[in-house]
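Peer 1: I'd like to ask you about the structure that follows.
Protein chains: 2
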Amino acid sequence: MNREDRFTITYQISADSKESAEIMADRIRIEQTVEMPPDTVPVKAASSFAEILSLQEKKPGQWITQISFPFSIIGDDITQFLNVLYGNISLLEGIMVQDVDDLLFRKLFSGPAFGIEGLRKSLNAYGRPLSCTALKPAGLSASDLAERAYQFACGGMDIIKDDHGLADQPSAPFKQRVASCAEAVRKAEQVSGKKTFYFPNITTSPDKVLERFHQAADLGADGVLICPQLTGLEAIHTIAREKRLPVMAHPAFSGSFILQQHQGLAIRLYYGKLWRALGADSIIFPNAVGRFAFTKETCRQLHKCMTDPFGGIRKSFPTPAGGIHLDSVPEMQELYGNETIFLIGGNLYQQKEGIEAASKEFQKTLDGGIQ
Amino acid sequence: MNREDRFTITYQISADSKESAEIMADRIRIEQTVEMPPDTVPVKAASSFAEILSLQEKKPGQWITQISFPFSIIGDDITQFLNVLYGNISLLEGIMVQDVDDLLFRKLFSGPAFGIEGLRKSLNAYGRPLSCTALKPAGLSASDLAERAYQFACGGMDIIKDDHGLADQPSAPFKQRVASCAEAVRKAEQVSGKKTFYFPNITTSPDKVLERFHQAADLGADGVLICPQLTGLEAIHTIAREKRLPVMAHPAFSGSFILQQHQGLAIRLYYGKLWRALGADSIIFPNAVGRFAFTKETCRQLHKCMTDPFGGIRKSFPTPAGGIHLDSVPEMQELYGNETIFLIGGNLYQQKEGIEAASKEFQKTLDGGIQ
């Protein structure tokens with residue numbers, strides 16, 4: 071079969087012998103395609119089989135296998151690709167998805183509609199990282215949140231996103247919140263003299279996400295926040311393909327896929343390639359020195375995956391978050407460089423001089439960029 | 071605050087001292103609600119705070135904490151509930167969601183539209199387990215799959231479901247497959263003299279699931295199969311609320327949430343309570359003696375969670391699957407009892423006498439029920 075008709079997935083297998091590793095690789099090959107004993111597969115369906123290309127011991131007890139799958143088993147359905155990638159085998163112990171070849175992403179996924187360049191252009195912000203903060207807490211009214219958005223924007227913040235816990239609560243219903251905050255940010259831009267994005271959270275029931283996306287746009291939002299592991303992963307792709315607003319993706323509910331040592335999906339593949347390919351213009355991930363568990367090396371690799379050339383797919387803005395403090399920004403800039411959105415939430419609210427002054431200070435730290 | 075205005079979530083925390091456990095419990099309380107330093111939360115939003123009700127060491131290094139949350143932080147949004155349940159803290163090590171009080175499920179979720187009783191009534195099948203098989207493999211044409219459906223139904227199968235890997239591939243496009251298989255099953259019912267359900271797989275992009283659900287109904291399907299961890303969990307609730315067709319839920323892509331020792335969601339809570347509350351009339355889970363890793367005790371507990379009284383929410387049909395053989399059915403009946411759908415895929419295709427005769431044998435084993 072022509073190489074263009076197939077794609078390769080790389081899995082890591084935990085096994086104490088070559089024989090066990092071979093059995094596991096063979097199970098992946100079967101379980102993710104025909105899902106029945108090979109000798110019962112009719113000749114007519116033989117083209118559905120996956121093929122083991124290689125199996126090598128990487129370190130004691132850890133094996134790497136490359137398995138080739140036919141595109142015909144997916145059709146053009148991204149959700150079915152996710153099923154082939156890690157559907158049934160998610161229920162088996164000791165299998166981790168390491169990588170997928172770029173050909174698959176290039177053929178099946180459209181990537182970000184705007185990407186780093188698109189966001190920079192709309193903000194007219196070049197040669198420096200971008201600033202971002204979170205509107206919170208849930209429980210405040212729409213007008214209280216709008217007042218906070220006004221202050222952040224007066225302070226010159228590049229992006230103000232909703233806390234991912236702001237949904238459609240009675241305290242600040244979605245439409246009212248988006249309209250009020252977008253209006254407040256437009257007013258503040260007159261004061262600051264610069265563009266500020268407002269990204270409301272559109273995470274909700276899978277069938278309502280697209281509707282909420284368009285509501286956000288109609289109500290004046292400049293982008294949206296979404297938690298794809300709550301809405302179904304392909305939801306990012308659906309809204310990104312509308313090419314109407316940039317999409318910021320948030321990792322809530324996704325930790326179980328990436329926190330395990332020998333199971334789940336490799337962090338780089340999951341946030342770095344998959345979320346980028348799905349179309350996230352900005353990808354929030356737990357920062358190394360914050361309150362979550364990622365190492366600096368992991369964060370560096372994630373940054374690279376989001377910004378390296380990737381088969382014509384636009385770059386996603388790496389957006390480290392979680393426990394970043396105003397006074398740790400210079401250190402973070404050294405770690406991540408200019409192609410980064412720094413998201414500071416809680417610590418800006420802690421600054422004694424208030425959030426407008428804190429935003430100005432944050433922005434000032436970034437303005438020079440890194441030379 | 072009134073007890074009816076709040077609900078309780080039980081978390082397990084891995085910590086080596088009471089002090090560390092207290093810090094973790096406090097992080098859950100903050101991270102899942104206001105997500106900012108408590109002293110920066112305005113008085114107006116104080117009602118959003120969660121409250122730690124108890125913290126006890128269950129066994130060395132494992133702590134159980136009960137945390138009370140206000141309903142106001144959810145509104146009526148199930149997806150936002152999932153975010154409160156395990157959103158950001160999914161990214162922290164050593165936290166497992168153990169349970170949620172029934173009040174939450176009763177207030178927020180509608181449960182199965184048909185349940186065990188509804189399925190039994192439509193099939194006129196009482197006092198015995200139900201039989202189920204899977205149409206496969208992907209790669210066959212719609213008419214080849216329909217021929218297989220015809221044979222299974224002639225053999226008297228109660229439920230024929232699509233393999234969860236049948237999506238909308240060019241080999242057997244969704245609409246063509248559903249129409250052909252439904253028609254074949256209707257013809258076979260004339261031969262068998264009994265009702266057989268056909269459940270096509272409607273798993274696809276989150277925004278398209280509802281449309282595909284109605285297409286399935288319009289094309290003559292008797293129910294649907296869905297992989298909720300691929301479509302977004304609330305998708306089950308959305309389609310179940312249509313009260314048009316029963317819903318069978320499949321665990322593809324969900325393993326990462328439930329395979330970890332001290333992380334993720336307790337298996338019973340996840341499949342047993344959550345999927346039931348979401349509205350799955352039948353819940354497929356990995357069988358104890360099959361090719362997946364669940365123990366008999368886990369399977370027994372799951373069965374109980376799906377069928378025990380649950381605040382007025384209908385029962386889901388426990389549907390163990392994976393590696394069940396025709397000759398292990400009597401043993402399985404002893405483990406699970408009559409309130410069970412036994413799903414045999416691969417092994418029926420292995421029977422030398424063909425799938426129609428194998429279905430008859432399967433059905434005959436179940437017909438007497440368990441006395």
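In order, the protein sequence lines correspond to chains A and B.
First residue of the first sequence: 71, per the numbering used here; consecutive thereafter.
First residue of the second sequence: 71, per the numbering used here; consecutive thereafter.
C-beta atoms are modelled at their ideal positions from N, C-alpha and C, and glycine is treated no differently.
By Cβ distance below 8 angstroms, which residues in the same chain neighbour residue 233 (chain B) in space, the five residues on each side in sequence not counted?
Peer 2: Correct list, in chain order: 204, 205, 206, 207, 208, 271 and 415.
Peer 1: List, in order along the chain, the chain A residues whose C-beta lies closer than 9 angstroms to that of residue 142 (chain B)?
Peer 2: In chain order: 208, 209, 239, 240 and 241.
Peer 1: Going by C-alpha distance, which of A:79, A:392 and A:237 is nearest residue 146 (chain B)?
Peer 2: The shortest C-alpha separation from residue 146 (chain B) is found at A:237.
Peer 1: Does the beta-carbon distance from residue 66 (chain B) to residue 186 (chain B) come in below 8 angstroms?
Peer 2: This structure leaves residue 66 (chain B) out entirely; chain B is present only between 71 and 441.
Peer 1: For chain A, find out if any of its Cβ atoms is closer than 8 angstroms to the Cβ of residue 158 (chain B); answer yes or no.
Peer 2: Yes, because at least one Cβ of chain A sits closer than 8 angstroms to the Cβ of residue 158 (chain B).
Peer 1: Indicate the three-state DSSP secondary structure (helix, strand or coil) for residue 427 (chain B) in the structure shown.
Peer 2: Reduced to three states, the DSSP call for residue 427 (chain B) is helix.
Peer 1: When burial is assigned at 16 or more other CB atoms within 10 Å of the CB, is residue 159 (chain B) buried or exposed?
Peer 2: Buried, since its Cβ has 16 or more Cβ neighbours within 10 Å.
Peer 1: Please report the residue range of the alpha helix (DSSP H) in which residue 77 (chain B) lies.
Peer 2: First-last for residue 77 (chain B): 76-84, but that is the beta strand (DSSP E), not the alpha helix (DSSP H).
Peer 1: Taking Cβ positions only, does residue 326 (chain B) come closer than 8 angstroms to chain A?
Peer 2: Yes, because at least one Cβ of chain A sits closer than 8 angstroms to the Cβ of residue 326 (chain B).
Peer 1: Any beta-carbon of chain A closer than 8 angstroms to the one on residue 357 (chain B)?
Peer 2: Judged by the 8 angstroms Cβ criterion, residue 357 (chain B) is not in contact with chain A.
Peer 1: Helix, strand or coil, according to DSSP, for residue 121 (chain B) in the structure here?
Peer 2: Residue state, collapsed to three classes: strand.
Peer 1: Need the endpoints of the alpha helix (DSSP H) that residue 204 (chain A) sits in, please.
Peer 2: No alpha helix (DSSP H) holds residue 204 (chain A); the beta strand (DSSP E) holding it covers 200-205.
Peer 1: For the stretch 260-314 of chain A, which segments carrying the alpha helix (DSSP H) assignment without a break, of at least 4 residues, lie completely within its bounds, in sequence order?
Peer 2: You should have 279-288, 298-301 and 304-310.
Peer 1: Going by beta carbon distance, what residues of the same chain come within less than 8 angstroms of residue 129 (chain A), once the five residues before and after it are set aside?
Peer 2: Around residue 129 (chain A): no qualifying Cβ.
Peer 1: Thinking residue 167 (chain A) and residue 335 (chain A) are a contact (beta carbons under 8 angstroms), I'd like their distance in whole angstroms, please.
Peer 2: Confirmed, about 5 angstroms.
Peer 1: Using a threshold of 8 angstroms, state whether the C-beta atoms of residue 202 (chain A) and residue 258 (chain A) are closer than that.
Peer 2: Against a cut-off of 8 angstroms, the Cβ pair of residue 258 (chain A) and residue 202 (chain A) comes out as no contact.
Peer 1: With distance defined between alpha-carbon atoms, name the residue in A:90, A:328 and A:347 nearest to residue 381 (chain A).
Peer 2: Minimum Cα distance to residue 381 (chain A) is reached at A:347.
Peer 1: Keeping to the same chain, check which residues put their C-beta closer than 7 angstroms to that of residue 132 (chain B); ignore five residues upstream and five downstream.
Peer 2: Excluding positions up to five away in sequence, the list reads 82 and 84.
Peer 1: By the criterion of Cβ-Cβ separation under 7 angstroms, what are the contact partners of residue 251 (chain A) in chain B?
Peer 2: In chain order: nothing, as chain B lies at least about 16 angstroms away.
Peer 1: Which ranges does the alpha helix (DSSP H) cover as unbroken runs of at least 4 residues, wholly within the stretch 131-185 of chain A, from first to last along the chain?
Peer 2: You should have 148-156 and 172-178.
Peer 1: For the alpha helix (DSSP H) containing residue 233 (chain A), name the first residue and the last one.
Peer 2: That residue, residue 233 (chain A), is in no alpha helix (DSSP H); it is neither H nor E in DSSP.
Peer 1: Identify, in the order they occur along the chain, each residue of the same chain with its Cβ nearer than 8 angstroms to the Cβ of residue 286 (chain B), setting aside the five sequence neighbours on each side.
Peer 2: Excluding sequence neighbours, residue 286 (chain B) sits near 248, 270, 272, 294 and 315.
Peer 1: Is it buried or exposed, residue 351 (chain B), if we count other Cβ atoms within 10 angstroms and call 16 or more buried?
Peer 2: Flag for residue 351 (chain B) reads buried.
Peer 1: Quick one: list the residues of chain B neighbouring residue 117 (chain A), beta-carbon separation under 7 angstroms, in chain order.
Peer 2: Per Cβ cutoff of 7 angstroms: 209.
Peer 1: Express the C-alpha separation of residue 252 (chain A) and residue 216 (chain A) in angstroms, rounding to a whole number.
Peer 2: Distance between the alpha carbons of residue 216 (chain A) and residue 252 (chain A): 8 angstroms.
Peer 1: Here's the rule I'm using: 16 or more other beta-carbon atoms within 10 Å means buried, otherwise exposed. How should residue 344 (chain B) be labelled?
Peer 2: Buried: at least 16 other Cβ atoms inside 10 Å.
Peer 1: Express the C-alpha separation of residue 194 (chain B) and residue 306 (chain A) in angstroms, rounding to a whole number.
Peer 2: Whole-angstrom Cα-Cα distance: 43 angstroms.
Peer 1: Does the beta carbon of residue 83 (chain B) sit closer than 8 angstroms to a beta carbon anywhere in chain A?
Peer 2: Answer no: the Cβ-Cβ gap between residue 83 (chain B) and chain A never drops below 8 angstroms.
Peer 1: Could you give the distance in angstroms between the alpha-carbon of residue 339 (chain B) and the alpha-carbon of residue 170 (chain B)?
Peer 2: Their Cα atoms are separated by approximately 8 angstroms.
Peer 1: Using a C-beta to C-beta distance shorter than 9 angstroms, which residues of chain B count as neighbours of residue 234 (chain A)?
Peer 2: Residues of chain B passing the Cβ test: 105, 153, 157 and 158.
Peer 1: Residues of chain A with CB under 7 angstroms from residue 111 (chain B), in chain order?
Peer 2: Correct list: 207.
Peer 1: Is residue 187 (chain B) close to the ligand MN? I mean its beta-carbon at under 7 angstroms from any heavy atom of the ligand.
Peer 2: No copy of the ligand MN occurs in the structure displayed, which carries no ligand at all.
Peer 1: State yes or no: is the C-beta of residue 277 (chain B) within less than 8 angstroms of the C-beta of residue 279 (chain A)?
Peer 2: Contact flag set, yes.
Peer 1: When burial is assigned at 16 or more other CB atoms within 10 Å of the CB, is residue 71 (chain B) buried or exposed?
Peer 2: Any reading at residue 71 (chain B) needs caution, since the residue's pLDDT is 46, under 50, leaving its predicted position unreliable; the model's value is listed next. Exposed.
Peer 1: Which residues in the same chain have their Cβ closer than 6 angstroms to the Cβ of residue 292 (chain B), if we skip the five residues on either side of it in sequence?
Peer 2: Cβ within range, chain order: 267 and 268.
Peer 1: I want to verify the contact list: residues of chain B whose CB lies under 8 angstroms from the CB of residue 297 (chain A), in sequence order.
Peer 2: By Cβ distance, chain B contributes 153 and 157.
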